[in-house]
Amino acid sequence: MPIEGFDYKAFAASMSEQAKELVPQDLKDQEKEYIVKTLGNFTLLAGEALFNDTQLNLTAEQAVFITQVIAEWSFHKSIDLIHSGILPQYWDSIMQKIAFTIFEVAKQAVIRKIPQDQLLQAVEHHVIKVYNTCIEELQKKGIIDEEVKTRAESQSNIDAMAKQAQEEQQRQKMAAAEEAEKNLREAEKRRAEKRNKQKQEKALASMPQGISNKQMKLMTLALVLKILSQDKVTTILNKFDSNDSLVISQYMNMADLESHIDGDLIAGCLKEMKEFLPAKKILTKENVLGDLLRIYKTTPREKVERIIKNERPLVKRFILQSYDGEFSDLPLRVAGIVAQYIEESV
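Take the sequence shown: its position 273, counted from the start at 1, is 272 in numbering that gives the first Met the number 0, and no numbers get skipped.
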């Protein structure tokens, strides 16, 4: 009795359509047609043979599996033959031997209920063996030389596709990490803007009417910071006392700040402050870990864990490992942002 639910014609047509989308784009049109046609023919013949073999008692699922294995290897080895440099008139005979081998090995393995992973390993072993034997026979007959033989034996489209898939997966991981870094950076920027606004409002409310010598220096520094990038401004302000940082930020947002300071006074203040401006700290793994370890010495671990409670698992793992002086696989720039966020939150 034919296999119920196994439409081998529709399945062969489906495999052919999928092959059209996967053939290497660098091949010629006739080469692409050969791959699709060969895959379709072998898939159809194998499916028909299984469908009409009443003694096998295969299920539709088993028949589909065997036929799909033939389709996949027909696809890969026909591409290998095209890349090998062997003339097209020899392709069919090689592909027929490969397809017949797959059919028999897969069929017997399914009948004997061999685990699927072992079945696939057996099929791969016999496919490579038959393919290489055919190549050696062509050389013995003088049809191909040693160079073509070596090139043909080195072809493996299935490995090339696996490598391509792995590289694509790696690219996706990198893109995800970059997106996570971007999101973390934007979140920190929003938090910083909110904090700065609150600080500026507080500083404005408590700002004295008279201008002292210290305030003059802070105004001068604010003028300098107004022409720097936000990253540099943040780095410098973090070096100051929190109250002074608030006042400087407020001055930076004054539209008419220049009108409050005489040019000579600005020059004098700059000269006096030159030796005391904070130096830019180099972002390294050692510096980030050092900053965190200094925080841990004076801050209970429970408090730090509460701060990162809602953060991503990657950030949590980075913080937990840093307690042991270890630097996880978090990007260095992201790690620096995290360390700064912890320092500002404790």
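C-beta atoms are modelled at their ideal positions from N, C-alpha and C, and glycine is treated no differently.
Spatial neighbours of residue 287 in its own chain (CB-CB distance under 6 angstroms, excluding positions within 5 residues in sequence) are listed in chain order as 334, 335, 338. Bounds of the alpha helix (DSSP H) holding residue 95 are 90 to 110. Here DSSP, grouped into helix, strand and coil, assigns residue 345 to coil.
The alpha-carbon separation between residue 180 and residue 50 amounts to approximately 55 angstroms.
Linking residue 294 to residue 285 through their CA atoms gives a straight-line distance of about 14 angstroms.
Relative to the Cα of residue 331, the nearest Cα in the group 343, 317, 44 belongs to 317. With distances taken between CA atoms, residue 80 lies nearest to 34 out of 119, 120, 117, 34. Nearest Cα to residue 131 within the set 218, 314, 97: 97. For the 7 angstroms CB-CB criterion, residue 321 and residue 291 form a contact. Judged by DSSP secondary structure, residue 230 falls within the alpha helix (DSSP H) whose first and last residues are 229 to 236.
Within its own chain, the residues whose Cβ lies closer than 6 angstroms to the Cβ of residue 137, once the five positions on either side in sequence are excluded, are 143, listed in chain order. In this structure the segment 53 to 64 lies against the segment 1 to 19, because at least three pairs of beta carbons, one per stretch, are closer than 8 angstroms. For residue 66, the enclosing alpha helix (DSSP H) has its first and last residue at 59 to 83.
Collapsing the DSSP output to three states places residue 311 in coil. Relative to residue 343, the option among 174, 302, 313, 76 whose CA is nearest is 302. For residue 295, the enclosing alpha helix (DSSP H) covers residues 284 to 297.
In the three-state scheme derived from DSSP, where H, G and I count as helix and E and B as strand, residue 37 is classed as helix. A residue is called buried when at least 16 other Cβ atoms come within 10 angstroms of its Cβ; residue 124 does not meet this threshold and is exposed. When C-beta atoms of the segment 215 to 224 are compared with those of the segment 239 to 254, three or more pairs fall below 8 angstroms, so the two segments count as touching. A straight line joining the alpha-carbon of residue 13 with that of residue 66 spans about 12 angstroms.
When the Cα atoms are used, residue 170 and residue 311 turn out to be separated by approximately 20 angstroms. Going by DSSP, residue 137 is part of the alpha helix (DSSP H) stretching over 115 to 139. Between residue 133 and residue 39, the alpha-carbon positions lie close to 22 angstroms from each other. Of the residues 194, 28, 43, the one whose Cα lies closest to the Cα of residue 6 is 43.
The three-state secondary structure of residue 44, taken from DSSP, is helix. The beta carbon of residue 48 sits closer than 8 angstroms to the beta carbons of 102 from its chain, once the five residues preceding and following it are set aside; these are given in chain order. Contact check between the segment 70 to 89 and the segment 147 to 159: three or more CB pairs, one atom from each, fall below 8 angstroms, which counts as touching. Per DSSP, the continuous alpha helix (DSSP H) segment holding residue 17 begins and ends at 7 to 21. The alpha-carbon of residue 69 is positioned some 8 angstroms away from that of residue 45. Taking C-beta atoms as the reference points, residue 256 and residue 244 fail to come closer than 7 angstroms. Looking only at 185, 160, 83, 239, the smallest Cα-Cα distance to residue 148 is reached by 83.
If you look at residue 148, you'll find it in the alpha helix (DSSP H) that goes 145 to 153.
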